[in-house]
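Okay, structure first, notes after.
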Ligand code: SF4
Ligand code: SF4
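Numbering (the working numbering), first residue to last: 16 to 216.
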């Protein structure tokens, strides 16, 4: 993607991308050296506290306007939301340096687990705080299916726990197995079919 561009400006993120070691200060500097070794000119870089926060990104881009304007394109070492935020605010050609995979939780640096797919219709109260959309291999709402054995899921080669066994165990421990037996109708996925916005006031 950077092939056709001589001059690049780099954007890193001080939040998730720093935690994930994909786009914190260290990774941005390492990427800068690597690109320079390939003969690219880096006009500058910033590591915004949270690139998804337009207010912070707008300010940091403004402070670096000369270097931003001097670049042919901007390379963003953070998530897809960050890349789109930079594209919108800068008006420049913007390149994603990362393949964003999921909304997750951090077990330790280097190990992350998907926990939510932002479906817009949360059922966690009924499922013992375990998401069947993100954690069940088939996103079933009334599992488990016939593809579980000894608590493991056939999807992904038996390495993941069956989400519905986890849900059963949790609800049993909470004394709420009535929720396990409750039938859940097909989910209204129209909630997640197009770009969404949240407006509080
Ligand atoms: S049900 Fe799962 S995917 Fe939907 S909002 Fe809740 S945690 Fe996220
Ligand atoms: S085995 Fe469990 S986690 Fe896997 S698809 Fe079936 S219900 Fe979902």
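The C-beta atom is built at its ideal place from N, Cα and C for all residues, glycine as well.
Problem set entry | Of the residues 17, 58 and 49, the one placed nearest residue 86, counting alpha carbons only | 58
Exercise. Is residue 147 closer than 7 Å to residue 156 when the C-beta atoms are compared?
Worked result: yes
Problem set entry | residue 132 to residue 69 span [Cα, whole Å] | 22 Å
Exercise. Would the beta-carbon of residue 89 be found less than 6 Å away from any heavy atom of ligand 1?
Worked result: no
For this session: Check whether the Cβ of residue 155 lies closer than 6 Å to any heavy atom of ligand 2, and answer yes or no.
Result: Within the cutoff, so yes.
Problem set entry | Nearest neighbour of residue 65, chosen from 18, 195, 100 and 89 [CA to CA] | 100
Exercise. Under a three-way DSSP split, which group does residue 304 fall into?
Worked result: The structure shown has nothing for residue 304, since the chain only spans 16 to 216.
Problem set entry | Nearest to residue 160 (by Cα), restricted to the options 130, 179 and 129 | 179
Exercise. Taking the alpha-carbon positions, what's the residue 189 to residue 168 distance?
Worked result: It is roughly 23 Å from the alpha-carbon of residue 189 to the alpha-carbon of residue 168.
Problem set entry | Proximity test, residue 181 beta-carbon vs ligand 1 heavy atom, cut-off 6 Å | no
Exercise. Which residue or residues does DSSP assign as beta-bridge partners of residue 43?
Worked result: Note: residue 43 sits in no beta bridge, so no partner.
Exercise. Cβ of residue 152 versus every heavy atom of ligand 2: is any distance shorter than 6 Å?
Worked result: yes
Exercise. How about residue 172: is its Cβ closer than 6 Å to a heavy atom in ligand 2?
Worked result: no
Exercise. DSSP three-state call for residue 53: helix, strand or coil?
Worked result: coil
Problem set entry | Coil, strand or helix - residue 116 by DSSP | coil
For this session: Please look up how many angstroms separate the CB atoms of residue 89 and residue 121, rounded, as I've assumed it's under 8 Å.
Result: With a contact defined as Cβ atoms closer than 8 Å, residue 89 and residue 121 miss out at about 27 Å.
Exercise. Which term fits residue 42, buried or exposed, when burial requires 16 or more other beta carbons within 10 angstroms of its beta carbon?
Worked result: buried
For this session: Classify residue 213 as buried or exposed, calling it buried when 16 or more other Cβ atoms lie within 10 Å of its own Cβ.
Result: exposed
Exercise. Is the CB-CB distance between residue 124 and residue 181 below 7 Å?
Worked result: no
Problem set entry | residue 145 CB to nearest heavy atom of ligand 1 below 6 Å | It does not: the Cβ of residue 145 is nowhere closer than 6 Å to a heavy atom of ligand 1.
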